[in-house]
Structure formats: C-alpha cells, structure tokens
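A.B. asks:
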Amino acid sequence: MNINFQTVAGKKATEDSMYVGMDAEDRINKNAVKQSSVSAIAVNLDTSLFSNDVYASHARGAEDISEMAKNTDVLTQHNYMALLSNTMSEEDYAKALQDGFDVKNLNSSETVTILDKIKGVLLEAGVSVIGYNDDMSVEKLTKITGSRSLAETIQNEFSQNDIPMTTENVRAAKGAYEEAAQINEPSDGAVKYMVLNNMKPTISNFYLAAHSTNGQNLSGRGFYAQEAGGYYAQKADSINWDSLAPQIDKVLDEAGYDMSDLRIRDDAKWMVEQGIPLTAENLGTLAEIAKVEFPITEQAAVKAAASAILDGKSAVQGNLADSESNIEKAVRIYEDTKNISDDAVKSVVEEEKDLTIKNLVMAGREDAGVNPENPTALLSDSDPKIVAARLQLEEVRLRMSVEANKSLLDRGFEIDTAPMQNLIEELSNILKDIEGAQTGEIIDDITGVKASNPARVYDLTLEKVQIISKGPADISGLMAGRLQTATLSQISDVSASLTRKFKAAGEGYEAMMTAPRADLGDSIKKAFRNVDDILRDFGEEANEENRRAVRILGYNSMEITEENFENVRAWDRKFVATLERLKPGAVLNLIREGNNPLNMTLEQLSDSLDQGMFNGSEDGKRDSDRSREKFSKFICKLEQKKDITKEEKASFIGIYRLFHTLKANDYKAIGSVLKTGKDMTLGNLLTETRSGRTARSGIDYSVSDNFGGVDLKEGNVIKIDEQINSAFRFYRSQADIVYENLEPEKLKAAKPMPNTKLEDFARALENEEIDPELEKAYIKDQVQEIRGIAGSKAAPLAIAEMETLEVEMNFNNLEAMIGIRRDRRNGNLWNRAEELVKRDISKDMETLTEALDGDNYEETYTKSLENISDKLSDVLVDPETEYIDVKAITLMQKQISVMAHTSERGSFEVPVEIDGTKVSMHITLRSDNSRISRMEASIQTTDYGLISANLYREEGGITGMLTTTYAGSPEETEYLESVKTKMCDKLAEKIEDAGVDRNRIAILYNAQAQPTKVGTVNAEAMDGESNLTADTGTLLKMAKAFIEAL
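Residue numbers (numbering that gives the first Met the number 0): 0 to 1045.
(1) So is M752 buried or exposed if we call it buried at 16+ other beta carbons inside 10 Å?
(2) Is G311 near A95, with beta carbons less than 8 Å apart?
(3) In its own chain, which residues sit with a C-beta less than 6 Å from the C-beta of R580, not counting the 5 before and 5 after it?
(4) Can you give the Cα-Cα distance for R656 and K886, rounded to whole angstroms?
(5) Since V909 is in the beta strand (DSSP E), which residue starts that stretch and which ends it?
(6) N998 by DSSP, collapsed to three states: which one?
(7) Within a Cβ cutoff of 8 Å, which residues of the same chain sit near S427, ignoring the five residues on either side of it in sequence?
(8) Helix, strand or coil for G228? Go by DSSP, reduced to three states.
(9) DSSP has I938 in a bridge; who is on the other side?
(10) Around the C-beta of A541, are 16 or more other C-beta atoms found within 10 angstroms, so that it is buried, or is it exposed?
(11) Quick one: what does DSSP say Y54 is sitting in, helix, strand or coil?
(12) How far does the alpha helix (DSSP H) with R364 in it extend, from its first residue to its last?
(13) Write down the C-beta distance between M478 and V493 rounded to the nearest angstrom, noting that I regard them as a contact closer than 8 Å.
(14) Within the same chain, show all residues whose beta-carbon is closer than 8 Å to that of K893, passing over the 5 residues directly before and after it, in chain order.
(15) By DSSP, does V836 sit in helix, in strand, or in coil?
(16) Taking DSSP as the reference, what is the three-state secondary structure of P471?
(17) Considering Cα atoms alone, identify which of I867, S381, E543 and T861 is closest to E834.
(18) In chain order, what residues of the same chain lie with their CB nearer than 6 Å to the CB of E394, ignoring the 5 residues before and after it?
(19) How far does the alpha helix (DSSP H) with S977 in it reach, from first residue to last?
(20) Go through its chain and collect everything with a Cβ distance to Q781's Cβ below 7 Å, but skip five positions before and after it.
(21) Could you have a look at L238 and say whether DSSP puts it in helix, strand or coil?
(22) From A495 to L601, what does the alpha carbon distance come to, in whole angstroms?
(23) Pick helix, strand or coil for S919, following the three-state DSSP scheme.
(24) Check each candidate in N338, I339, K337 and I288 and name the one with the smallest Cα separation from L319.
(25) Quick check for students: name the residue ranges of the alpha helix (DSSP H) that lie wholly in the stretch 769-796, counting only runs of 4 or more.
(26) With distance defined between alpha-carbon atoms, name the residue in A936, A504, T577 and G411 nearest to Y738.
(27) Using three-state DSSP, classify Y951 as helix, strand or coil.
(28) Give the straight-line distance between the Cα atoms of K870 and L407, rounded to the nearest whole angstrom.
(29) Terminal residues of the continuous beta strand (DSSP E) containing M960?
(30) Which residue spans inside the stretch 526-591 form an unbroken alpha helix (DSSP H) run of at least 4?
(31) Helix, strand or coil: how does DSSP classify S1060 here?
(32) On the criterion of 16 or more Cβ atoms from any shown chain inside 10 Å, does L390 qualify as buried, or is it exposed?
(33) Determine the burial state of V401: buried for a count of at least 16 other Cβ atoms within 10 Å of its Cβ, exposed for fewer.
(34) State the DSSP-derived secondary structure class of P455, mapped to helix, strand or coil.
(35) Quick check on the DSSP output: the alpha helix (DSSP H) that includes L1045 runs from which residue to which?
(36) Within the continuous alpha helix (DSSP H) that includes S406, where are the two ends?
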C-alpha cells in the first residue's frame, strides 16, 4: 500500500490544512520521555497543542499486560473451543495420541498448551502435513466457494498451516476474501482513524475504518480514538521540519528503525502533520498499515484468513500486513532468541538502544561496527552494563519456550519489542500458568527439583527415559542386583556413564529399545553363535527374548546360570515394557497424580501406570477414563476392519477382556498359573481368571519346595521365591507388552490360540505394525465427533452450567454435560442403563429418588451412582455379553462422573417416571444475597411442558412458585392446582412446623425456561449460618414433596 502523503509533497488542498498541528516543535521538544513500557520509546505530545489529555497516546505498559493476564481463563477457554471446533487437525490429534495424551480428558489449559507444543514441534521440524485433508477435493471446495481459483488457494493455505479443511473453515475463508475484495485503498482519514485507535491492518478493521470515515479527510470533524477514549482534532497551521528533524531522528533510532529509510521518515512527518502522537507504537501501526498492497489479492486475503483461523480468531480478523500466525511467530522468536550473539548484545548496549528481542536480532543481522561519536562505544566485555544485559538475555532463554511464547502472543503481548525485564516477568507468569495446568504438587528428594518447577521434572523425566532407551542393553545385567531399589534417575546416570565409556573407546553397543545396526547385528551373531545351544541346555526356547538375555549376560561377563538368566531376562523385559509406556502423556499423568517419576523404581513406575489406567476411584474399584477410552478405540477399530469374521471378533474381544481383567486384578492369574506349574498360555490364563483361584496380591508364595517351573541343571538350583519373583516379573512385563499392543489388525495377524504362550503372543504383537488406514479412519471419526460436539448449539449453555457448578473444562465433561441437559428432556441415561445392564439397577435408581427425604442424601446419591457405573463396567468385561455399545456406556459413565461432582455443589439429577418413561428431574440447592436457601426443581413433561418448583423457607412458612412453560388452558390449570394441593400436603407431612399455606405458593404460566443460576451451594455449606437458612435436608424434602405431587 502507498499512503497518500499529500501534505509532505506540498500538494495537500487548502481545506486539509486543518490537519496540521501548531507548535509541533514544542510537542516534541517538551516533556520528551523515555518510556519503559511495551511501546519502547515514545515522545509525549500532551502539551499546549492539545485541548485536553485525551490527545496523548498511552501505550500498554506492564500493569496493563498484568491486567490482561488476569483474563487468562476466558482467553484459554476461547482458544480451547476454537481449537476443538476449528483448528485441531487430524494430524495434531494423531500426534497427541502417539505421545500418550488423551485430548478428550485433558483440561482446557492442558489441551491448548499441548496442542500448541505439537504444532510448534511440527513447525520446527519442518514437517509437511499431508494425507489428512484428502477427503475435501478441489471439486468439492469449488462448489462451496464458487471459484476453482479460490478453492485451490484455500486448499494450499490450509494445508501449509495445518488447518482442518472443514466446511465451516472454508466458508469463513471465503467470506473473508469476499469482504477483502470490497476494500479500496484507504483515505488518509481512514488511516488516521486506524492509527489513533491502534487498529491492526486486518480485513475487518480496514472495512470498519472506511465506513467510519466515509472517505473524509477533513480534520475539523475529528475522529474518536477508542484506545485513548477521546476525540482528536488539529489546531496548528505550520511546522518547522528542520528543527523537528533531530527529535524525529531520536524517536526513530530509539524505536529501532533505520534512520536512512526515507519511507519511515515520511511516515513520521505525516503523523506529526496529522496531530497523531509520535510514539513507537503509533509509528509501528502506521508502518504496518503501509505494508498492505491494494487491491487485495485472493492469496493475500486467504493467507490472512488462514492465519486468523489458526489463532482461534474470526477469519476477517486476519492481518493483511502480517500473515504469520502466533504459533509461527512463537517458533521464530524462540529460534531467533537462541541465536542472539554476545556481539549483538554488546552492540545494542553500546548504541544505548532498548534491550529488546527485536533490537538484538537486528543488531545480529547488521555488521557490528563502532560509532566513534558514541560515548559508550568500545565498552569492555566485563562492563557491568554488558554483563547485566547478557544475564537478562540468558534468563529469557531459560524461561522461553514455544508454548510460552504462543500464550503471550495470544494475550496480545508484543514479545519482540517488550523491554527485557518485562519479558522476563511475563514469561515467569506464563510458566506458572503452564506448569500449574500440567502438574500437581511434587518434591524431588534426589535432583533438587522442587514443586515450584514441576515442568522441569516432566522434561527431566522424558530426557532420562530417552537416555536409558538409547543406552546400552547391558544395564539390565550390570544393575540386575540393584534394580529393585534403583530410581529412574539413578538408572539413567549409570546408563549415560556406560554410553560415554563405549563412545570413548570407539565401541558400538546393543541399545535398550532399538534394533542393533546391521553391521553390529552381524558382530553380535558371530560373538554369540552358540547362544541357541546354551538355551537348549537350559531347556529354554531359542527365541529373541531369551537370546538377548544370554547376550546381556555375556556383555557383563556374568556367569551364565539359570538364576542369572531368569533374573536378567525378567529385568530386560521390565525395562522394555515400562519404557515403552513412559510416553509424554503418561509422564504428565504420573506427575498430576502426585508422583515424582525421577524418584521411582521401575516397578513403582509400572504399578503407578497401572493404577492410573485402571483405578478410576480412590478405592481402586472402577476403571479410569483412560481404560474406557482404550477399549472404546479397540471396539471402534474392530467395527471398521471389514475382513474380520464374526468368530474372530468375538475371540478378539475375549482376549482384550482377558488382559484387561488380568491387569485390573494385579496380574493374579499369572501367579496362579505359576503356582500350578502349567505353561503360561492364553488358555491357562483365561482358566485361572475365570475360576477366581488367584492369589491375594499378584502371586502366592505358599508353594511347595517340589515346585519347579523349569528343569534346573545340577549346581544351579535357586531359591523358590527368587525363581517365582523373576518368572512373575517376566510374565507380567509380557502381559504389559500385550496390553499396549492390543489392536484388531495386530490380533488378526498374530492368530492367537488357547495354547499360544504368553511370551510368543507378546512378541508377535510387538512385531506387527498398526494399519495406517485403519488408524487414520479412527482418528478422522474422533476429530469429527469432537468438532461436532464443540461446535454444537448445545455447547455454550453446557459450558455456562459447568462454570457455575465448577466442573473442570475438558471435552469428556462437556460431552457429559450436554448429555445430562438432554436427558432432562428425554431421560435416555436411565432408560438406556436399564436396557444394557443385566444386573438389576432399578433398586439403585429408586434409591436416588426415594432417599431424597432421608438422612445423608448426598452420600447415598453418590454411592448409588457409583453402583450404577460399576454395573455398566461389568457389562464391558462380561464374557457372556455379545453386543457391546461401548460408546453409549462410556458416555453414561462420563455423565455419572459429572453428576457425582455437581452433587457437591448442590445440583442433583434424579430419575422420575412420567407417563411410563424415566426422565431426569434437575434439583438445585442455592442461596442468594438474602441468605435464604432455595430449592429449585424442574422436569420436562409431554402434556404440561417444563414444570418447575421454586421453594424456600422463611419466617412464617414455606413460600414459592410452580411454573410451566405452557399456557394456562383449563386442563393445565386443573393439573397444576392438583399438583400444588398435593405438594402442600406432602410438605406438611415431611417438614415439621413448616407452616404450609397454599396462598403463599403461586402458579405461573408461559414461564421461560431459565438457565442454571449462579450461587449453587455445597449441600452442607449453608447449614447453621442463619435462622433464615434452611438446612440441606429440608430443601431435599421439598424436592421429594414436589416429585410425589407429580
């Protein structure tokens, strides 16, 4: 774009001279102040030129940014919903799954942070996202956009930016282009309007500025500046440019602009003429506006729209001058900051420029030279100013990450131009937010990493897992005698030390978790060519796990005895099974659950991973969301794989249930098979699992001395408990490997039979690959489901209720809350549960209603919900169940989980039968400013609409109202009067000295359905606080009276 600087060129019309400000020299010379705000350098122009203070442009300072940070929850939720419905691609979701993250169960802050990190990693690695938008062809796009050219442009930009090719996103980009196509080159008045209001050159802002000024340039009319909250007008009629030049130069220099750039100098002069405060922020806004070229091209508009969508904004908010998305900026700034040299720091300090990332990067790109007129030139490297600046830069580097940068940019913080100290403070605040969202309280007694920095524990854990995984397999033998007590941190240190020794000697080694190099593999085979003979002597199979155990004994020059073989083999498989499970998502879960992975042994890590997967409650009796989601994925893929027969499907589900039950019951069946001395086959494991003849905890040590799992060579007899320990550890690890690899396509290839040995089954599954097309189809279904629910009309009201009831914002809870609200109309939860559960749950449902007027209802309510959830879980693992509606059961259990939580906030869902169908009555206990507690209950009926009761107790009796959303027809009037009479009778029965008076309970027709109100209270929070405050029991008796009256 070329701004029309008519005044500077001497061509401005006489009537436009009203823009020129008088006393311009005074404006710059007086009160010139060096600011330390986000705007870096500014010159205050609030002098005699202006009629009042509203003419001054106040840039956002540190306090403003801190205030913005207080709105983090609102911004995070906005970004979260935008991510779920618009910007999370199938590639992002696939990468999250691969790293062990369950996007559906992560809270909003965690999801935004982790998905930002994934996008950042893909950007840093230069990974091209292909294959996930193939279903939206150019032909289909052309039908939506009406233009093949536009369709191809959108397809290209979306693909490059990893934006889902959804119909909504495509239409948004099309709409942005159509609006951009209507924008002409802005007038001086429109540009001035945008600068004064600090408006970015977005599609919508250009459109707004053009229509707000209607092309007018006369300054006499003035323009309202929203940012400063005032009206701008000019009064001067002449400017002495020669006297102003030094001050303009100073502003340009201190703001980091090239003073030889004639274009930026013209921008500065134009601003002075227009009476616009000459600050770095305003100058930057004008310079950015000037970058836009008109007419706006198709590619420029779509590129800007794509960037806005990726940032979670409306497409028309795309910046036409800067189409770099916040995630791209975050990566660039992170890389630039890492590469800033010491010379660049010295140059900025010597030239007395503000210490900002922008200035440092620019200094690094320029030839470092010395200005002889600069009094601070030739400072030594040890000068305090240089040292202080370098320390600040290092502090920024320590705190900076791609996700922290992205979070700051989303909040509007200008990282590039912020003073270094402000940036340090903001990064520190962001890190606290990110760490607090990702982790729980932990303390590391070994590494010294404290609970205030749990993100460091997360990073260190992943680092140490990598060290062990890539380190020598020798560690299984070298530390075999210490692995029961050695922590992950200690194992990593030994592995790292061993790796350094091999590298120093120029020797190769067999890695713990990766296949040996081809040349090394040949050497290994040659060195251990007699390994199969050794195994035969032991009576062991010549399989890869056993060969590797013998090799590890050889690497460590250990005597090849039965005891050493069993011990090393067991620990080697424990390493493989545990390290494979320690993905980023699993590490995050461990830390959130209060564990410190760095300070845990392999077996503690394995146990904790199992507890997180299977113990969905404090008593460990219910499966967690992670376990249910894994089974749901298994069933979904099973349904999608078309070449699996009905018999195979039943068999595979049975195998899944076997290993689910095996792990959920602490591997007791393995101990039972070991005790009998039978082979560890799938058939024997199934028999022991079904018979219930399992040990109390893992294995039973009360075995006779005659027990021998293997034929022992003379002189190599080992203690029975040691042998069982090693065998149990080995088979447990094999079971872990099986469970982690339970995929329908792998089971199809492995062809398991009842006589298949556990170790053979584990190896077969481990060696099979996941079907990429099947995985892609599953991911596509999941992402479409997430988008549909997050973008549904029901979502906003569900979110509002979640906020009121303090339910954690994550997708599972959102889906559950939408379901709960839906079931208040049709009762699907209760009816479907009765259909699916073979064990009778009618008693539990009746208790939810009947116990309302009993003691400790909150506890009874929660317990009954738990019973229903447990019986639904039984359906999933019941071998007699042929058809499994996993999706329905999983959703019901999510709803029950949310319902149990909201009961703590005085909100209950109670099944009530109306016209032969169960629906949910929503009961809410709340208090208002009058300190009077109320009971509000509502239920949907077919004949009388939504009927509600709002009752409270005050001095003199019970007061309230019955309402219906229907009009007051004679039939409805008769029915509600009947309900009112019965309810009053029931209230008198249930509540002593209630003082029930029918005249104090009104009936209202044509009532509007009200959203869930704020002020819901904990069931016992209000007890005893006031004589006017009804206790929880009384309020619940009111609800019971209402139900019985219906």
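Built from N, CA and C at the ideal position, the CB exists for glycine as well.
Computed from a predicted model, the values in this text were never measured in an experiment.
C.D. replies: Let me spell this out:
(1) exposed
(2) no
(3) L608
(4) 17 Å
(5) S906 to I913
(6) strand
(7) R398
(8) Because G228 sits at a pLDDT of 41, beneath the cut-off of 50, its placement in the model cannot be relied upon, and the point is left open.
(9) I946
(10) exposed
(11) For Y54, the predicted structure reports a pLDDT of 26, less than 50, and the residue's modelled location is therefore unreliable. The matter cannot be settled from this model.
(12) I356 to R364
(13) 6 Å
(14) D624, N811, N812, E814, A815 and G818
(15) coil
(16) strand
(17) I867
(18) I423
(19) P969 to K989
(20) Y92
(21) It is worth fixing the name first, because residue 238 is Ile in this sequence and not Leu. Coil at I238, not helix or strand.
(22) 17 Å
(23) strand
(24) I288
(25) 771-789
(26) T577
(27) strand
(28) 47 Å
(29) G956 to T963
(30) 530-537, 543-554, 561-580 and 583-591
(31) No answer is possible for residue 1060: the residues shown for the chain start at 0 and end at 1045.
(32) exposed
(33) buried
(34) It is worth fixing the name first, because residue 455 is Arg in this sequence and not Pro. Three-state DSSP puts R455 in a helix.
(35) Looking at the DSSP string, L1045 is not in any alpha helix (DSSP H), and its letter there is neither H nor E.
(36) V401 to D409
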